[in-house]
Amino acid sequence: MSSVTLKKVSKRFTNSDVDAVSQVDLEIENKEFLVILGPSGSGKSSLLRLIAGLEEASNGEVYFGNDLMNDISPRERDISMVFQNFALFPNMTVYENIAFPIRASGKDSTNLDSEVKKIASMLQIESLLDRKPGELSGGEQQRVSLGRAIIKKPKVFLMDEPLSNLDASLRSELRTEIKKLHEELGITFIYVTHDQTEAMSMADRIALIKDGKLLQVDKPDVLYNNPNHSWIGSFLGMPAMNLVNSSDLGDSISTKKGTTVVGIRPENITVSSGNSKLTGSVISTEYLGDSQILNVKIANSVVKVKVPNDSKFSVGTDVNLDFSDGDLRFFSDDGKTVR
Amino acid sequence: MRVPYLFLVPALVIIFLALIGPVFQSFLLSLSEFSLVNPSQTPVGFQNYISLLSDSVFWRAIQVTLLLVFGSVFLEFIVGIFLALLITSSGQRARTWFSSIFVIPIAIAPIVTGVLWSPNSFFDDLNTLLYYGLSLGTYIDTSKPFTYYSIIVLSDAWIWAPLFMLVTVAVIRSIPKEQIEAAEVMGASSFTKFQKITFPAIIASPAIVVTLLLRTADAFRMFEVPYSWNFWLGQDSQLGAPVDTVSVLMWKMFSSTLYDFPIAQITAMAILLLAVTLTTCALVLRRSSSLLD
Ligand SMILES: Nc1ncnc2c1ncn2[C@@H]1O[C@H](COP(=O)(O)OP(=O)(O)O)[C@@H](O)[C@H]1O
Ligand SMILES: [Mg+2]
Numbered sequence: 010m011s012s013v014t015l016k017k018v019s020k021r022f023t024n025s026d027v028d029a030v031s032q033v034d035l036e037i038e039n040k041e042f043l044v045i046l047g048p049s050g051s052g053k054s055s056l057l058r059l060i061a062g063l064e065e066a067s068n069g070e071v072y073f074g075n076d077l078m079n080d081i082s083p084r085e086r087d088i089s090m091v092f093q094n095f096a097l098f099p100n101m102t103v104y105e106n107i108a109f110p111i112r113a114s115g116k117d118s119t120n121l122d123s124e125v126k127k128i129a130s131m132l133q134i135e136s137l138l139d140r141k142p143g144e145l146s147g148g149e150q151q152r153v154s155l156g157r158a159i160i161k162k163p164k165v166f167l168m169d170e171p172l173s174n175l176d177a178s179l180r181s182e183l184r185t186e187i188k189k190l191h192e193e194l195g196i197t198f199i200y201v202t203h204d205q206t207e208a209m210s211m212a213d214r215i216a217l218i219k220d221g222k223l224l225q226v227d228k229p230d231v232l233y234n235n236p237n238h239s240w241i242g243s244f245l246g247m248p249a250m251n252l253v254n255s256s257d258l259g260d261s262i263s264t265k266k267g268t269t270v271v272g273i274r275p276e277n278i279t280v281s282s283g284n285s286k287l288t289g290s291v292i293s294t295e296y297l298g299d300s301q302i303l304n305v306k307i308a309n310s311v312v313k314v315k316v317p318n319d320s321k322f323s324v325g326t327d328v329n330l331d332f333s334d335g336d337l338r339f340f341s342d343d344g345k346t347v348r
Numbered sequence: 085m086r087v088p089y090l091f092l093v094p095a096l097v098i099i100f101l102a103l104i105g106p107v108f109q110s111f112l113l114s115l116s117e118f119s120l121v122n123p124s125q126t127p128v129g130f131q132n133y134i135s136l137l138s139d140s141v142f143w144r145a146i147q148v149t150l151l152l153v154f155g156s157v158f159l160e161f162i163v164g165i166f167l168a169l170l171i172t173s174s175g176q177r178a179r180t181w182f183s184s185i186f187v188i189p190i191a192i193a194p195i196v197t198g199v200l201w202s203p204n205s206f207f208d209d210l211n212t213l214l215y216y217g218l219s220l221g222t223y224i225d226t227s228k229p230f231t232y233y234s235i236i237v238l239s240d241a242w243i244w245a246p247l248f249m250l251v252t253v254a255v256i257r258s259i260p261k262e263q264i265e266a267a268e269v270m271g272a273s274s275f276t277k278f279q280k281i282t283f284p285a286i287i288a289s290p291a292i293v294v295t296l297l298l299r300t301a302d303a304f305r306m307f308e309v310p311y312s313w314n315f316w317l318g319q320d321s322q323l324g325a326p327v328d329t330v331s332v333l334m335w336k337m338f339s340s341t342l343y344d345f346p347i348a349q350i351t352a353m354a355i356l357l358l359a360v361t362l363t364t365c366a367l368v369l370r371r372s373s374s375l376l377d
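Here the protein sequences come in this chain order: A and B.
Residue 10 is where the first sequence starts when you use my numbering, and the numbers rise one by one after that.
Residue 85 is where the second sequence starts when you use my numbering, and the numbers rise one by one after that.
Written out as structure tokens, the structure is:
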């Protein structure tokens with residue numbers, strides 16, 4: 010049980026001329042569930058591996074609680090880690106895999122047997138204890154790897170895209186279970202993913218990373234509703250936030266001083282028959298099952314509008330769009346939010 | 085007649101002519117009386133085998149062969165693993181140097197290795213150094229069976245350990261990095277990582293099993309090193325010298341003027357050697373496939 014603090018942490022790999030992780034300042038509270046979210050190649054894994062000690066920081070400090078960790082080896086950091094490809098030991102049974110951290114670190118193993126069985130029943134893998142990892146499905150393998158990671162009750166629990174190799178239904182099932190584990194164990198979780206649904210549904214706070222830099226660290230709803238950078242708006246949401254040049258909007262909308270780009274989420278726009286703030290023509294529609302997306306051309310921009318799935322719009326017709334001014338977000342030239 | 089099988093016929097004919105035919109023919113030859121004195125091939129049944137199996141010289145050669153095969157294959161396997169660990173755990177530059185130096189013995193002709201490691205060249209100098217140079221008053225007595233068997237095993241391992249090294253390096257490289265990292269994060273020491281992950285991966289690797297099989301089968305034909313030792317132990321022409329492997333024995337029977345070119349008997353020995361080799365390989369294979377699952 011420990012907080013984790015990063016102070017100006019950077020990582021540059023040899024043979025590279027850019028920082029994979031650049032000047033990251035991050036405070037993760039004790040018992041928090043923090044999700045590191047970002048596109049592929051943004052440095053999420055590198056950041057997590059810096060916390061684990063699997064990579065050495067080029068600059069900056071990593072603290073667990075008040076203890077400086079930079080020179081502490083991974084095996085002495087009292088952490089556990091779950092990997093995307095499970096990383097189970099193929100020659101050991103499920104039982105031996107789960108028991109490994111206790112046996113390998115020479116911890117007190119008097120209750121090992123009952124401990125392994127308790128964890129196995131918690132993760133619903135009791136019947137698999139005698140099997141080898143090669144005889145398990147992906148979901149079962151990831152459960153084993155979760156079991157192996159929790160048995161030694163680490164201070165900090167690290168996960169690197171643990172669900173990315175699983176299919177959709179298993180993903181949502183394990184999402185719930187990981188969340189439940191977090192509540193039961195009461196330890197700090199740091200979870201890396203590129204999947205915003207995972208991040209939104211599990212995180213206490215999300216740390217959004219792009220090109221090795223932290224853009225924003227906030228609660229999921231704050232990040233979604235009040236991004237401090239236009240890129241975040243365009244990264245989160247399905248479909249993402251509309252970003253329209255303010256010059257395309259005419260005078261009908263009052264913007265804050267310094268605004269060059271106006272953002273609004275597709276679900277905050279309605280098609281109205283009465284009063285309207287903008288008018289444009291439908292250039293295409295996308296059916297999503299539970300809803301429908303209209304692509305509406307306004308001046309030189311295309312605005313996405315989320316409408317009910319039973320509404321009928323034919324391509325080429327003009328529509329009136331309405332929204333409340335409170336849902337508008339304003340961004341300046343460099344993408345920063347204008348407050 | 086199924087048409088598809090017809091297409092197999094040319095391949096089967098070639099396999100028979102090139103592989104099975106000669107073995108079969110040798111087997112027939114070993115069942116006859118055939119030598120320089122008696123060039124007409126007369127069938128004698130298993131007479132050649134019976135006389136071989138009741139000959140202590142042949143049994144001795146079998147014992148020497150088995151000792152050298154298991155001794156050297158085991159040693160080169162172990163040494164190969166050590167060299168591979170040394171290479172995979174050292175830095176980029178050292179790694180390049182090590183691997184180019186370590187593979188040199190493979191490139192040297194085995195007969196040269198035999199001579200290099202034999203008492204007259206290497207140990208003469210070493211003993212001079214030990215006895216006179218360093219005035220230690222001791223020397224390595226290469227005429228003691230334990231000593232010369234050890235040196236022969238060692239010199240054969242010296243030739244072939246690099247092969248195991250190369251294969252083992254490939255196997256170690258193929259272990260997913262995350263497995264090692266997972267173990268490290270879970271608190272495993274370097275030794276535990278080797279014992280629980282690297283070593284099991286090595287012995288369970290099909291590449292290693294195949295290399296073991298090839299080396300075992302090849303070691304049964306070991307000739308050059310024991311052959312060169314024959315001269316140093318002063319029993320070069322005699323049948324049943326203490327370092328005669330089966331193949332050295334066969335060669336002596338071929339070339340010695342004491343014998344009348346007993347080709348049928350030699351063939352019988354070859355067949356027996358083949359049987360021993362195949363049996364051993366089958367045992368190795370069975371042992372390792374039980375490791376695999
Ligand atoms: N071991 C390494 N050596 C060199 N470059 C690396 C190494 N690991 C990652 N990188 C680079 O660092 C950047 C971030 O990688 P990574 O942290 O794996 O991103 P993510 O996990 O977000 O996909 C990438 O550009 C990647 O190519
Ligand atoms: Mg990654």
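Glycine included, every Cβ here is placed at the ideal spot set by N, Cα and C.
If you follow the alpha helix (DSSP H) that residue i is in, where does it begin and where does it stop?
i, result
"Ile302(A)", "No alpha helix (DSSP H) contains Ile302(A), which is instead part of the beta strand (DSSP E) from Ser300 to Ile307."
"Ser181(A)", "Ala177 to Leu194"
"Thr14(A)", "Careful: Thr14(A) lies outside any alpha helix (DSSP H), inside the beta strand (DSSP E) at Val13 to Lys20."
"Gln176(B)", "Gln176 to Phe186"
"Asp302(B)", "Pro290 to Ala303"
"Ser136(A)", "It is not in any alpha helix (DSSP H) - Ser136(A) carries neither H nor E in the DSSP assignment."
Would you mind reading off the limits of the beta strand (DSSP E) that contains residue i?
i, result
"Ser293(A)", "Leu287 to Tyr296"
"Asn254(A)", "Asn251 to Asn254"
"Tyr200(A)", "Thr197 to Thr202"
"Lys219(A)", "Arg214 to Lys219"
"Thr279(A)", "Thr279 to Ser281"
According to DSSP, is residue i helix, strand or coil?
i, result
"Pro229(B)", "helix"
"Asn329(A)", "strand"
"Lys161(A)", "coil"
"Ile37(A)", "strand"
"Glu170(A)", "coil"
"Glu64(A)", "coil"
"Met249(B)", "helix"
"Ala348(B)", "helix"
"Pro94(B)", "helix"
"Phe118(B)", "coil"
"Arg84(A)", "helix"
"Tyr133(B)", "helix"
"Lys89(A)", "With the sequence shown as reference, residue 89(A) is identified as Ser, and Lys is not the correct amino acid for it. In the structure shown, Ser89(A) sits in a strand (DSSP, three-state: E or B)."
"Val330(B)", "helix"
"Ser140(B)", "helix"
"Gln225(A)", "strand"
"Gly344(A)", "coil"
"Gly148(A)", "helix"
"Tyr223(B)", "coil"
For residue i, which option in the options has the closest C-alpha, if you only look at C-alpha atoms?
i, options, result
"Ala193(B)", "Leu213(B), Ala102(B) and Trp244(B)", "Trp244(B)"
"Leu247(B)", "Gln349(B), Ser156(B) and Leu152(B)", "Ser156(B)"
"Asp336(A)", "Asp257(A), Gly115(A), Tyr296(A) and Gly242(A)", "Gly242(A)"
"Gly267(A)", "Val291(A), Asn235(A) and Arg348(A)", "Arg348(A)"
"Leu278(B)", "Ser227(B), Ala102(B), Phe166(B) and Thr341(B)", "Reading off the sequence shown, one finds Phe at residue 278(B), where the question assumed Leu. Considering only alpha carbons, the answer is Phe166(B)."
"Ile195(B)", "Trp143(B), Ala352(B), Phe307(B) and Val153(B)", "Phe307(B)"
"Ser290(A)", "Lys313(A), Phe98(A) and Gln93(A)", "Lys313(A)"
"Val255(B)", "Lys228(B), Ser239(B), Ile264(B) and Ile292(B)", "Ile292(B)"
"Met101(A)", "Phe186(B), Tyr89(B) and Phe283(B)", "Phe283(B)"
"Val153(A)", "Gly143(A), Ala129(A), Ile37(A) and Asn174(A)", "Ala129(A)"
"Asp225(B)", "Leu218(B), Ser219(B), Ser234(B) and Gly217(B)", "Ser234(B)"
"Ser138(B)", "Met353(B), Leu369(B), Val360(B) and Arg370(B)", "Met353(B)"
Please compile the residues from chain E whose C-beta is within a distance smaller than 7 Å of the C-beta of residue i.
i, result
"Asn174(A)", "The structure shown contains no chain E; its protein chains are A and B."
Whose beta carbon lies closer than 6 Å to any heavy atom of ligand 1, going through the chain in order? Every residue with a CB closer than 6 Å to a heavy atom of ligand 1 is listed here in chain order: Phe22(A), Ser25(A), Ala29(A), Gly47(A), Ser49(A), Gly50(A), Ser51(A), Gly52(A), Lys53(A), Ser54(A) and Ser55(A).
Within 8 Å of chain A by C-beta, residues of the stretch 252 to 282 of chain B in sequence order: Residues passing the 8 Å Cβ filter: Pro260, Glu262, Gln263, Glu265, Ala266, Ala267, Glu268, Val269, Met270, Gly271, Ala272, Ser273, Thr276, Lys280 and Ile281.
Interface residues of the stretch 74 to 95 of chain A facing chain B [CB-CB below 9 Å]: Within the stretch 74 to 95 of chain A, Ser82, Pro83, Arg84, Glu85, Arg86, Asp87, Ile88, Ser89, Met90, Val91, Phe92, Gln93, Asn94 and Phe95 place their CB atoms closer than 9 Å to a CB of chain B, listed in sequence order.
Just by C-beta distance, which residues in the stretch 108 to 130 of chain A are closer than 9 Å to chain B? Result list: Phe109, Pro110, Ile111, Arg112, Ala113, Ser114, Gly115 and Lys116.
In the stretch 43 to 69 of chain A, which residues sit with their C-beta less than 9 Å from some C-beta in chain B, listed in chain order? Identification of residues in the stretch 43 to 69 of chain A having a C-beta nearer than 9 Å to some C-beta of chain B yields Arg58, Ala61, Gly62 and Leu63, given in sequence order.
Please list, in chain order, the residues of the stretch 280 to 304 of chain B that have any C-beta partner in chain A closer than 8 Å. Residues of the stretch 280 to 304 of chain B with a Cβ closer than 8 Å to any Cβ of chain A, in chain order: Lys280, Ile281, Pro284, Ala285 and Ala288.
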